[in-house]
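Working notes for the structure below.
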Amino acid sequence: MSKRQLKLGLVPTGVGGPGNYNRWLDPEIPANASVDVNWFADVARQAEDAKFDWLFIVDSQFITPNSPPHYLSRLEPLTLLSALAMVTRHIGLVGTLSTSYNDPFNVARRLASLDLISGGRAGWNVVTTGDAGTASNFSREEHFDYEERHSRAEEAIEVARGLWRSYEDGALPRDREKKLFLDPSKLHSLNHKGRHFSVAGPLNIERSPQGEPIIFQAGDSNPGRDLGARYADAVFTHGSTLEATRAFRDDMRKRAASLGRDPDSVLISPGIKFVIGDTDADAVELERHYAAHDHSFDWALREFGRLFGWHDFTTYDLDAPFPAEVLKLAEKSWYTAAKAITERAVAEKLSLRQVVEATQNRERVASVGRGKPFVGSPVTVAGSIAEWFENGALDGLNIYLEHPAQFRRFVAEVLPILREKGIVRTEYEGATLRENLGLSRG
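Residues in the sequence shown are numbered from 27 upward in steps of one, following our numbering.
What follows is the structure, encoded as structure tokens:
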């Protein structure tokens, strides 16, 4: 049996995602990076040269003037990833598509197309959409409620997977001598009729070398965890400490096992941000520098409302107790995150200012337990990653690409240490994303 190895994903957010309002001022980042396909192509090639497993493109479909710079103008994920398939050969290409605002036939066809274009490297990051305002861009008066979003997601995944299996292997012999293009016995309709969707099928595209796209999922609520345990090949989460992340992984593995799945077939990959310096002290100073230059309390206050249905917090007394009554505004948005924030604020008697500052801290470095383990020298950062991996907290990492100089240091100085430990690969194992993740053909 081959040794378990850490999987690596890269999350490029161009000119700056949540909490990074001024990152676009870095002269190494093109001011239009989020819509510059050549910038993304360069990033994808760097990640592939470093033997990363996947490139992970986040997305949403509603903005306000208070949205982060990257969100204000960015490329549609599958269009972008189809272009990147032409300049890469091995790295997986994972795009975010909402089950609330896409029909599963369209999702299945677009992803199957990317899977064929890339030679079997496509992945679908399944989201249910937390931005309640998205409804207004899709001819709806209001957003789906929490239960309906997850119910739609489950059915949409079932439909998409069914459609991806419309053709059996060998269904299209394309035999010129026999004048046989299709073996109709190997083409199957779906004839699905469910609560949310009615889809006859079959899908009008054949299977890729990996069979069907990988399914990624992110969600920390109980329904979100159940969805991931039932369907996901990889789960994207946010880890605050080794212990909390290990507890999440243990819980997901138990849920998967209870559904008859092999727990090893569900890869847990928390998102992390890192700061690397020549020494630990140097890294701490660098982090303070980035905090002072990339972040803004005023921006953070305006963006904080996103969790609560884009509620405007700028009119509140910042030093008064956190207004717990606003939690009801999050019922159709990111309720799990908003509830955790509100409960902590009430329990610790925090002001609105303190809550926003704490949220800024979490955005700045995703994993901050025990003295910020991913802020330090290359040896320190590599040691922390190895510790989390070897202690069962994770199977992979989704690494946020922030400042280009920092990513170069990670590749040049941290990865060699992890390779020496035998934790990450030296070469790709196969040609498809499933092969490289050690997962069976779909």
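Cβ coordinates follow ideal geometry from the N, Cα and C atoms, glycine included. Nothing here was measured: the structure is a model prediction, and the numbers come from that model.
Beta-bridge analysis with DSSP links Pro38 to Leu427. Between the C-alpha atoms of Arg49 and Phe207 there is a straight-line separation of about 53 angstroms. Nearest to Gly145 by C-alpha distance, out of Ser466, Gly464, Thr458, Gly468, is Thr458. Arg30 counts as exposed, since fewer than 16 other C-beta atoms from the protein chains shown sit within 10 angstroms of its C-beta. Annotated as distal: Thr263 and Ala419, with beta-carbon spacing of 8 angstroms or more. Our two residues, Arg221 and Glu184, have alpha carbons roughly 12 angstroms apart in a direct line. In this structure the stretch 445 to 458 does not touch the stretch 302 to 318; the number of beta carbon pairs closer than 8 angstroms is below three.
Annotated three-state conformation of Gln243 is strand, per DSSP. Where Ala148 is concerned, the enclosing beta strand (DSSP E) starts and stops at 148 to 153.
Separation of Ser86 and Tyr97 (C-alpha to C-alpha, rounded to the nearest whole angstrom) is 8 angstroms. Between Gln236 and Asp141, the C-beta spacing is below 8 angstroms.
The beta carbon of Ala226 sits closer than 7 angstroms to those of Ser215, Leu216, Asn217, all from its chain and outside the five residues before and after it, given in chain order. Looking only at Glu173, His319, Ser192, Leu353, the smallest Cα-Cα distance to Phe131 is reached by Ser192.
Here DSSP, grouped into helix, strand and coil, assigns Leu312 to helix. Taking 3 residues as the minimum length, the beta strand (DSSP E) runs contained wholly in the stretch 194 to 247 are 240 to 244, in order along the chain. At the C-beta level, Ala371 and Ile231 stay beyond 8 angstroms of one another. The continuous alpha helix (DSSP H) containing Thr368 extends over residues 361 to 373.
Ranked by Cα distance from Glu194, the first of Ser162, Glu238, Glu168 is Glu238. The DSSP assignment places complete beta strand (DSSP E) segments of no fewer than 3 residues inside the stretch 256 to 304 at 260 to 264, 293 to 298, in order along the chain. The bridge partners DSSP lists for Pro95 come to none. Distance from the CA of Leu268 to the CA of Leu444, rounded to the nearest whole angstrom, comes to 18 angstroms. Residue range 118 to 124 is occupied by the beta strand (DSSP E) that includes Val120. Gly335 has no beta-bridge partner at all, per DSSP. One Cα belongs to Glu351, the other to Lys358, and the distance between them is close to 15 angstroms. Between the stretch 111 to 130 and the stretch 332 to 340, the count of C-beta pairs closer than 8 angstroms stays below three; the two stretches do not touch.
Classified as buried, Val407 has 16 or more neighbouring CB atoms from the shown chains inside 10 Å of its CB.
Per DSSP, the unbroken alpha helix (DSSP H) holding Ile183 starts and ends at 172 to 190.
Rounded to whole angstroms, the separation of the alpha carbons of Leu123 and Ser410 is 32 angstroms.
Exposure of Lys375 is indicated by the presence of fewer than 16 other C-beta atoms within 10 angstroms of its C-beta. With a beta-carbon spacing of about 7 angstroms, Ala111 and Arg147 fall inside the 8 angstroms limit used to define contacts. With distances taken between CA atoms, Ala356 lies nearest to Thr155 out of Thr155, Arg379, Glu74. Glu313 places its beta carbon less than 8 angstroms from that of Val401. The beta carbons of Val37 and Tyr426 sit closer together than 8 angstroms.
Excluding five sequence positions before and after Ala158, the CB atoms of its chain that fall closer than 6 angstroms to its own CB belong to His169, Gly335, Lys358, Ser359, given in chain order. Buried is the label assigned to Asp52, since at least 16 other Cβ atoms lie within 10 Å of its Cβ.
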